[in-house]
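Those protein sequence lines, which keep their order, are chains A, B and C.
Position in the first sequence (first residue = 1) + 37 = our numbering.
Position in the second sequence (first residue = 1) + 47 = our numbering.
Position in the third sequence (first residue = 1) + 3 = our numbering.
Backbone N, C-alpha and C define an ideal beta-carbon position, used for all residues, glycine too.
In what follows, a single structure is set out as structure tokens and then discussed.
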Amino acid sequence: MTEEVVATAGEGAMEVKPLSPWADTWRRLKKNKLALIGLVIIVIFLLVGGAQEIANLLGPHNASESDTAAQRPWWQRGYLAPYDPNGGDFHAGPAGPINPPSMKHLLGTDYLGRDVLSRALVATRISLLVGIIAVGIALAIGLSLGPISGYYGGAVDSVVMRMADIFFAFPYILFVLLIMTVLGPGFRNVFIAIGILSWAGYARLNRGSVLSVKQVEYIEAARAQGASDLRIIFRHVLPNTMAPIYVAIAMGIGGAILTESALSYLGIGMRPPDASWGSMITDYQTYFFAGQWWMLTFPSIALVVTVFGFISFGNGLRDATDPKLKE
Amino acid sequence: MSFLEVRDLKKHFPIRTGILKRTTGHVYAVDGISFSIEEGETLGIVGESGCGKSTAARVILRLLEATAGSVVYDGIDVMKASRVEMQRLRRDMQIIFQDPYASLNPRMRVRNIIGEPLRIHQIGTPAERRQRVIELLETVGLNAEHAERYPHEFSGGQRQRIGVARALALNPRLIICDEPVSALDVSIRAQVINLLEDLQDQFKLTYVFIAHDLSVVKHTSDRVVVMYLGKTVEIASSDVLYDRPQHPYTEALLSAVPIPDPETERNRRRIVLEGDVPSPTKPPAGCVFHPRCQRAQEVCETAMPPLECTGDAGADHMVACYFATRYEGVPKRDAPSKDTGEAPAR
Amino acid sequence: MDELLLDVQDLSTHFMTHAGVVKAVNGVSFTLHRNETIGIVGESGSGKTVAALSLLRLVPDPPGKIVEGKILLKGRDLREVSNEEIRAVRGNDIAMIFQDPMTSLNPVFKVGMQIAEAIMLHQDKSRRDAWRMAAELLAKVGIPDAESRVNQYPFEFSGGMRQRAMIAMAISCNPDILIADEPTTALDVTIQAQIIDVVREMQAQYNSGVILITHDLGVVAEIADKVMVMYGGRTVEYGPIDEIFYNPHHPYTWGLLGSLPRLDLVEKERLTPIKGQPPDLLMLPPGCPFSGRCGYERPDECPLTMPDTEIVGPEHGVRCWIPNDERVSARSELPRFVARSK
Chain A
38 MTEEVVATAG EGAMEVKPLS PWADTWRRLK KNKLALIGLV IIVIFLLVGG AQEIANLLGP
98 HNASESDTAA QRPWWQRGYL APYDPNGGDF HAGPAGPINP PSMKHLLGTD YLGRDVLSRA
158 LVATRISLLV GIIAVGIALA IGLSLGPISG YYGGAVDSVV MRMADIFFAF PYILFVLLIM
218 TVLGPGFRNV FIAIGILSWA GYARLNRGSV LSVKQVEYIE AARAQGASDL RIIFRHVLPN
278 TMAPIYVAIA MGIGGAILTE SALSYLGIGM RPPDASWGSM ITDYQTYFFA GQWWMLTFPS
338 IALVVTVFGF ISFGNGLRDA TDPKLKE
Chain B
48 MSFLEVRDLK KHFPIRTGIL KRTTGHVYAV DGISFSIEEG ETLGIVGESG CGKSTAARVI
108 LRLLEATAGS VVYDGIDVMK ASRVEMQRLR RDMQIIFQDP YASLNPRMRV RNIIGEPLRI
168 HQIGTPAERR QRVIELLETV GLNAEHAERY PHEFSGGQRQ RIGVARALAL NPRLIICDEP
228 VSALDVSIRA QVINLLEDLQ DQFKLTYVFI AHDLSVVKHT SDRVVVMYLG KTVEIASSDV
288 LYDRPQHPYT EALLSAVPIP DPETERNRRR IVLEGDVPSP TKPPAGCVFH PRCQRAQEVC
348 ETAMPPLECT GDAGADHMVA CYFATRYEGV PKRDAPSKDT GEAPAR
Chain C
4 MDELLLDVQD LSTHFMTHAG VVKAVNGVSF TLHRNETIGI VGESGSGKTV AALSLLRLVP
64 DPPGKIVEGK ILLKGRDLRE VSNEEIRAVR GNDIAMIFQD PMTSLNPVFK VGMQIAEAIM
124 LHQDKSRRDA WRMAAELLAK VGIPDAESRV NQYPFEFSGG MRQRAMIAMA ISCNPDILIA
184 DEPTTALDVT IQAQIIDVVR EMQAQYNSGV ILITHDLGVV AEIADKVMVM YGGRTVEYGP
244 IDEIFYNPHH PYTWGLLGSL PRLDLVEKER LTPIKGQPPD LLMLPPGCPF SGRCGYERPD
304 ECPLTMPDTE IVGPEHGVRC WIPNDERVSA RSELPRFVAR SK
């Protein structure tokens, strides 16, 4: 009797594998040129910013940093930087410290003789770290509270959502400034501030998906098997609600980078002499009007291009995962 | 002592409206049903939408908390079982769902879907579990290589088989099949029905088979419970139910089922019910069926008739009707010869 | 025989998808006369719904396209007419009822409005007249209290009533042909019976032809005069209803009839399922799409070329390579067909 059953079912099992949801998303994404450009920008950004980690992975024998590099604080050790970003040289060139781009200093030097390229590279690393860690903190909070709130509903849901509402109600930048003022400026505090204020968006986004997913039958199946609530939430519900979250992450990293730049611009983020795109913009803006354009231009372009890349990719990802969008 | 005894089970869902979420009414999804199930039998539950059969299934398994009533299994009232007892009970009572596309987690591989119950109850080592998953796949007619795939790579019928394998993982004694073939193509339904029957023989399973398709229920079930608007209106063995229906709703239901035989269809006398099924939020007073019933009289508006046996249509044939059809003196029709398989003249 | 309303010849509709060409409908032909009901039977992937949509040129283009065939409505080829003309046909000469009554009615418009709109579109009636006719139609399809119901929104209607409203909309312009695409699948069985009665009555009143698309052979047995069985985009068998049920010639038809649990038979026989899975439309063989599940296939013929239609009874055709006498004897060994005399 089981032979008939075997003969009946095993045959004709799909020979052409239908596209998995990811493969289908990628296919649709490929059609969106802007999103692909964004993806390329992101990849470059990740490579540049993460150069030190990559170099470490490749092995210590590749390290050939100068002594001064080894003395820098860890977030300053951008491996790719040809010069010490904080090491000024008043005789960097014939005109003194400030020099336009040349073969020796590809992006020129600033008013302290520091190599602009090195500073820009280190700043990339800062932005990368801020983006990832800040969003990471926001996700850790948001993706714990969101699913729990959505799954249990009732009082828990009300409390969490009201808390989220409170966080939404405050003007973002002002609150970030407030927290930074309380915590004090500095690298670590930047991503705590951004992270803590961003969790509500992820939580609410996720809660919406959770509300619809928790009604689906495979969740009931898990309960019928005796799965604990925690298992159901984090093993069944959460993985199936991640699609819009990925989009939010891409946008979120872009936003975090922008916020950090704003903070550094205002002098509340990175403290001098640490290099960050925002602080570089603050420092160099007066020189721009004196005709020494290279100091301001490159960090500005880097900032704009990076944020644009994340947002384009995020948009493209959102379109590609939207089942109702006609191709 | 029956294998499973359901007594006066009720499930009412409160309707909460307004800002303050006050309870303005109830959905009387299940409103006092009682029946028993013997070990090894297949009990069919049939009824149309809104009758409460799917809700009843979930309450029996305690996926929903009952409003009142009891479900006694193995001496324990499932409704009152402790957490620990419930975990043990879950191993004995499993469920197969209707929608093959929604009942499997799309992000999990088949081996994890089937193996999860084993992991939850901490049965066996990982190697043993892997082996068991392959065993189960083969039992339902799939192969070991299917274990690494994801649900979207399978057809509806195959996914339903995966659902069956998952239900079998813990060696249950009772499986509730909630419309297991309704969402499948006609040519695949027979495969899955046969599979379920084979598994019942092989593993000595007891089934509760819920469906709205009477033909399927009659084929698979030993006894059938007919539900309407949260109540049981008739319970009989499946042959007798077709042969000697007593409740007017059952009669209407039977006559409404299209039969794939043009000759029979042409000669049929059809009872077409007027109107729609009332909403379970406002069940009619008295007998829930009386507004649509051709036999309804004054007494039917007063109280719901009790479910009892009239004696003339079979020893365990129960019906809830003041004017149930009587079969005194009507000889049971002979089973027609296998050759002609003729329909009875009705 | 009544007037010939529809003559479909060799209809083929293909979909160009990123994964390949899907031949949803592949050389399908049938006719429909006045007062006649044809049941188009098939499962998922059979192409029955796409065939119906093709008649009204409702197949989304891209990715779908009617690549071949003639659709002759009282002599006029609907493939050739302009867009305006086909719009005039839709709802007017040929009307369609869809499967899911929940989503086929626009939730933001009153039911009366939706019917009246169809009337005003095709007939020269004033708004007031159209609304009056809408109320009459609702009463005609058996909706109680039609006068007040006509002012209600779809959410106030139950499933069965919505389906009746759809039928009312469909018949509002006295169509010659009514296409019902799985009209009862989403409904309870007692409501199903009501709807089938309504369709039957409307057909009698308006003398229309009905194309009933379904997978439910019971419903077909109830109201169809003739049947066309489709599989994998092809017609595999067609014929008058008694011929199909009592003298089926295609192994797929046998499979369908043999795999149905029967309410009216006493003995509990084991069902005979069709083995295998429904067809993958991207991987159809050039020949018969049923080869592989058939059980009787000839490996060097069946998957390679599609057989022509062979006439096996009065107006009864089948497309199968197995010779007639072999087929009859194979069928006589199947449990369901033992000694079925007719």
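The beta carbon of Val187 of chain B is closer than 6 Å to those of Arg208, Val211 and Ala212 in its chain, skipping five residues each way along the sequence. No Cβ of chain B is located within less than 8 Å of the beta carbon of Gly212 of chain C. Straight-line spacing of the CA atoms in Thr319 of chain A and Lys251 of chain A works out to 49 Å. Residue pairing by DSSP places Met274 of chain B opposite B:Thr279 in a beta bridge. Shown in chain order are the members of the segment 209 to 238 of chain C whose Cβ falls below 8 Å from a Cβ of chain B: His218, Asp219, Leu220, Gly221, Val222, Val223, Ala224 and Glu225.
If the five residues before and after Ser150 of chain B are omitted, its C-beta is found closer than 6 Å to the C-beta atoms of Phe144 and Gly210, all from its own chain and listed in chain order. Looking at the backbone, the Cα of Ile338 of chain A and that of Gly315 of chain A are separated by about 12 Å.
Scanning the segment 175 to 244 of chain B for uninterrupted alpha helix (DSSP H) segments of 4 residues or longer gives 203 to 215, listed from N- to C-terminal end.
Taking 8 Å as the CB threshold, Gly328 of chain A stays off the interface with chain B. Those residues of the segment 272 to 288 of chain A placed with their C-beta closer than 8 Å to a C-beta in chain B are His273, Pro276 and Asn277, ordered along the chain.
If you draw a 10 Å sphere on the C-beta of Lys127 of chain B, you find fewer than 16 other C-beta atoms in it, and that means exposed. Under the three-pair Cβ rule at 8 Å, the segment 135 to 148 of chain A counts as touching the segment 324 to 332 of chain A. At a cut-off of 8 Å between beta carbons, Gly190 of chain A makes no contact with chain B. Within the segment 104 to 135 of chain C, not a single complete beta strand (DSSP E) segment reaches 3 residues in length. Residue environment for Leu84 of chain A: exposed (fewer than 16 other C-beta atoms within 10 angstroms of its C-beta).
Ile92 of chain B is positioned such that its CB atom lies closer than 8 Å to that of Val255 of chain B. Within the same chain, Pro338 come within 7 Å of Glu272 of chain C by CB-CB distance, once the 5 residues on both sides are set aside. Within chain B, the residues placing a beta-carbon under 8 Å from that of Gly263 of chain A are Met133, Gln134, Arg137, Arg138, Pro164, Ile167 and His168, ordered along the chain. Per DSSP, the beta-bridge partners of Phe82 of chain B are B:Val53.
The C-alpha of Ser349 of chain A is placed about 14 Å away from the C-alpha of Arg65 of chain A. At a cut-off of 8 Å between beta carbons, Ala60 of chain A makes no contact with chain B. For the C-beta of Asp245 of chain C, the chain B residues within less than 8 Å are, from N- to C-terminus, Pro309 and Glu310. In the three-state scheme derived from DSSP, where H, G and I count as helix and E and B as strand, Tyr302 of chain A is classed as helix.
Apart from sequence neighbours up to five positions away, the residues of its chain that approach Lys51 of chain C with a beta-carbon distance below 6 Å are Ile43, Gly45, Ile216 and Met233, ordered along the chain.
Among the residues of the segment 289 to 304 of chain B, those with a Cβ less than 9 Å away from any Cβ of chain C are Tyr289, Asp290, Tyr296, Ala299, Leu300, Leu301, Ser302, Ala303 and Val304, in the order of the chain. DSSP places Met99 of chain C inside the beta strand (DSSP E), whose first and last residues are Ile97 to Ile100.
For secondary structure counted as the alpha helix (DSSP H) over 4 or more consecutive residues, the segment 90 to 149 of chain B holds these complete runs in sequence order: 100 to 107 and 130 to 139. Using a Cβ-Cβ cut-off of 8 Å, Phe60 of chain B does not count as an interface residue toward chain A, since no Cβ of chain A sits closer than that to its own. Close CB contacts of Pro330 of chain B within its chain, under the 6 Å cut and outside five residues either way in sequence, are with Tyr75 and Leu276 (chain order).
For the alpha helix (DSSP H) assignment, the uninterrupted runs of no fewer than 4 residues enclosed by the segment 272 to 336 of chain A are, from N- to C-terminal side, 280 to 302 and 314 to 326. Exclusion of the five residues before and after Ile174 of chain A leaves Gly232 as the residues of its chain whose Cβ lies within less than 6 Å of its Cβ. An exposed status is given to Lys251 of chain B, since fewer than 16 other beta-carbon atoms sit within 10 Å of its beta-carbon. For Met351 of chain B, the secondary structure class from DSSP, reduced to helix, strand or coil, is coil. If you compare the alpha carbons of B:Pro353, B:Gln141, B:Ala194 and B:Asp286 with that of Ile161 of chain B, the shortest gap goes to B:Ala194. Considering only beta carbons, the part of the segment 187 to 198 of chain C lying closer than 8 Å to chain B consists of Asp191, Val192, Thr193, Ile194, Gln195, Ala196 and Gln197, in chain order.
Under the Cβ criterion of 8 Å, Ala258 of chain A is counted among the residues facing chain B.
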